[in-house]
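Working notes, beginning with the structure itself.
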Amino acid sequence: MVKTTEKELLILQTAMEVFIEKGQHGARMQEIADRAGINKALLHYYFRSKENLYARIFERLFWDNLNTIISLLDQELTFEQYLRSFIDHYIEFLKRNPRLPLFILRGISEGGPVVQQVMETISQKQDKLAHRYLAVFEAAVESGEIRRQDPLQLIATIIGACLFFFAGEPMFRTVFQLDESFDRERFIEERKQAVFNTIAYGVFPKEKRNE
Numbered sequence: 001m002v003k004t005t006e007k008e009l010l011i012l013q014t015a016m017e018v019f020i021e022k023g024q025h026g027a028r029m030q031e032i033a034d035r036a037g038i039n040k041a042l043l044h045y046y047f048r049s050k051e052n053l054y055a056r057i058f059e060r061l062f063w064d065n066l067n068t069i070i071s072l073l074d075q076e077l078t079f080e081q082y083l084r085s086f087i088d089h090y091i092e093f094l095k096r097n098p099r100l101p102l103f104i105l106r107g108i109s110e111g112g113p114v115v116q117q118v119m120e121t122i123s124q125k126q127d128k129l130a131h132r133y134l135a136v137f138e139a140a141v142e143s144g145e146i147r148r149q150d151p152l153q154l155i156a157t158i159i160g161a162c163l164f165f166f167a168g169e170p171m172f173r174t175v176f177q178l179d180e181s182f183d184r185e186r187f188i189e190e191r192k193q194a195v196f197n198t199i200a201y202g203v204f205p206k207e208k209r210n211e
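First residue of the sequence shown: 1, per the UniProt record's numbering; consecutive thereafter.
Pasting the structure below:
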């Protein structure tokens, strides 16, 4: 992946906000340029078109996440260590990119050739990730470290548990009437252990749980 400069990073972050608000088709390059504090010509110099800009955001976010997770799965760890490390990484990744869930959900719902092209570009990495995860899972089952279950249900549960607070934070704050006294940083840090405890209860045999 091409190295991103500070100026490009500012544009990508600004553009993501506009795409979340307006959608891929409703967003305008002029508005993105105005919000980023640059002229439209410079925006086109960096990204050529709105479609390229949109694809670059998707690629950057997916590559950053996929590369870290693949690197993690390539290590020789116990399943408990994999689980803790994955949860810590994923929650930290979402903490750095809190608007990511909305951007991805909107992008997938809109579909279109840009999203399809990006998914095809990263498909090789995704295949490696899927195969490595399934190998790690199967090895843990065979060794008796975790109980036999559907590996797809497991990873969906882990990701969902990490994702929910960030995707639903506005609703979460409203329902529970959270005000400025709510310590968001502390809650997110505690969320890592809470997610681990929930998953561990379901995957580890009783005698292997750290309760």
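Don't be surprised by glycine CBs; every beta carbon is placed ideally from N, CA and C.
Might you give, ordered along the chain, the residues of its own chain that have their beta carbon closer than 7 Å to the beta carbon of T198, omitting 5 neighbours on each side? Same-chain partners within the cutoff: A161.
8 Å Cβ cutoff met for I32 and V18: Cβ distance < 8 Å, so I32 and V18 count as in contact.
Assuming G107 is part of the alpha helix (DSSP H), what are its boundary residues? 100 to 110
Between the Cα of V203 and those of L154, R191, P170, spot the shortest distance and give me the residue it belongs to. Selected option, being the one with the closest Cα: L154.
Distance between beta carbons of F196 and I57, contact taken as under 8 Å: 30 Å between Cβ atoms; not a contact.
Please classify V2: does DSSP put it in a helix, a strand, or coil? In this predicted model, V2 has a pLDDT of only 48, less than 50, meaning its place in the structure is not dependable enough to derive any value.
Excluding the 5 residues preceding and the 5 following A27 in the sequence, name in chain order all residues of the same chain whose CB lies nearer than 7 Å to its CB. V18, F19, K50
C-alpha gap between residue 226 and A167, whole angstroms: Nothing about residue 226 can be read from this structure; the chain reaches only from 1 to 211.
If you draw a straight line from the C-alpha of Y45 to the C-alpha of Q75, how long is it? 40 Å
Hey, is L163's beta-carbon within less than 8 Å of any beta-carbon in chain C? Among the chains of the structure shown, chain C does not appear; only one protein chain is present.
Buried versus exposed, by CB contacts within 10 Å (16 or more), M184: According to the sequence as given, residue 184 is Arg; it is not Met. With fewer than 16 other Cβ atoms within 10 Å, it is exposed.
Would G107 be called buried (16 or more neighbouring beta carbons within 10 Å of its own) or exposed? buried
Around the C-beta of L9, are 16 or more other C-beta atoms found within 10 angstroms, so that it is buried, or is it exposed? exposed
Is D179 helix, strand or coil by DSSP? DSSP places D179 in coil when its eight states are reduced to three.
Can you give me the Cβ contacts of Q30 inside the same chain, cut-off strictly under 7 Å, excluding the 5 residues immediately before and after it? K40
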